[in-house]
Amino acid sequence: MNISAKRQVNPKKCSIAPEITLPMEFEGIVAVSLPMGAVIRRIMEAAAVDIPVLITGETGTGKDLIAAAIHRRSARNGKPYITVNTGAMARELIASEIFGHEKGAYTGAQEAAAGIFEQADGGTVFLDEISTMDEKTQVSLLRVLDEKSFRRVGGNTSIAVDVRIIAATNEDLEKAVQDKRFREDLFYRLNVFHISVPALRDRPGAVTVLTDHFLSRYAGVYGKDVERVSPETYRLLRRYPWPGNVRELKNV
Numbered sequence: 062m063n064i065s066a067k068r069q070v071n072p073k074k075c076s077i078a079p080e081i082t083l084p085m086e087f088e089g090i091v092a093v094s095l096p097m098g099a100v101i102r103r104i105m106e107a108a109a110v111d112i113p114v115l116i117t118g119e120t121g122t123g124k125d126l127i128a129a130a131i132h133r134r135s136a137r138n139g140k141p142y143i144t145v146n147t148g149a150m151a152r153e154l155i156a157s158e159i160f161g162h163e164k165g166a167y168t169g170a171q172e173a174a175a176g177i178f179e180q181a182d183g184g185t186v187f188l189d190e191i192s193t194m195d196e197k198t199q200v201s202l203l204r205v206l207d208e209k210s211f212r213r214v215g216g217n218t219s220i221a222v223d224v225r226i227i228a229a230t231n232e233d234l235e236k237a238v239q240d241k242r243f244r245e246d247l248f249y250r251l252n253v254f255h256i257s258v259p260a261l262r263d264r265p266g267a268v269t270v271l272t273d274h275f276l277s278r279y280a281g282v283y284g285k286d287v288e289r290v291s292p293e294t295y296r297l298l299r300r301y302p303w304p305g306n307v308r309e310l311k312n313v
């Protein structure tokens, strides 16, 4: 696979694969440590095969960036890529958003509407926080994976669809299966290819490099003349546990 990644000048090389030298920037993802280098390699592997992917990791670790990178590097690049954050939606609306609905399917459904899967036909759907789906929607999603078809809410006609599904969660889905909150069969269908994203605290040297990266990116955006961070500030940043991970560091 042809990898066009931006590498820093004179990096300290740490080879984990023929295509990867750390530190590097890959599709907007800054990889400094071996754990993130391994994630980059998994992205490349996932992009080469057209199968479901499950991305797990704490909130703020960049699961959305990883999903987008897989799509851009895949044969479906150029086709629709649609993100659905099911965790930000009312449970009763998730099925209608994803599968669409027919006229009169529920109160307020004045017209029929296509859902995300119809809109993304030929492309990729990224389902973020998939553990928040209710069981009925999980069953419908399983049908898409098994039969490549679905029915709109309130409809009886099967609609064929060709989409790749990438799902993500900050939960332990195996525990959710044990607790009967997530279907075991759906878990195994999604977990065909698994990418585990390490927390920021588990990425050696990442805080310093990411601080410089974000400083360089946003100083110009906000018109700030900041050339560097003081050694004491670096020490404070490295000691902080970053429960919100990269997203929290970026906001700081």
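Residue 62 is where the sequence shown starts when you use this note's numbering, and the numbers rise one by one after that. We treat Cβ as the ideally placed atom computed from N, Cα and C, and that holds for glycine.
- Here DSSP, grouped into helix, strand and coil, assigns K140 to strand.
- The beta carbon of T144 is closer than 6 Å to those of F187 in its chain, skipping five residues each way along the sequence.
- If you ignore the 5 residues before and after A229, its C-beta comes within less than 6 Å of the C-beta of I116, K124, D189, all in its own chain and listed in chain order.
- Counting of Cβ neighbours within 10 angstroms places G98 among the buried residues, the total reaching 16 or more.
- Counting the other CB atoms within 10 Å of its CB gives N306 a total of 16 or more, which places it among the buried residues.
- The three-state reading of DSSP puts T218 in coil, since its state is none of H, G, I, E or B.
- Look at S291 here: in three-state DSSP terms it is coil, with no helix or strand label.
- Taking C-beta separations shorter than 8 Å and ignoring five residues to either side along the sequence, the partners of D111 in its chain run S135, A136, R137, R225, following chain order.
- With a 10 Å radius around the Cβ and a threshold of 16 neighbouring Cβ atoms, G118 comes out buried.
- Annotated as proximal: P113 and L251, with beta-carbon spacing under 8 Å.
- If you look at I177, you'll find it in the alpha helix (DSSP H) that goes 177-180.
- Here the alpha carbons of D263 and S291 stand approximately 23 Å from one another.
- For the pair L276 and V268, the CB atoms are not nearer than the 8 Å cut-off.
- For R213, no alpha helix (DSSP H) segment is defined, and its DSSP state is neither H nor E.
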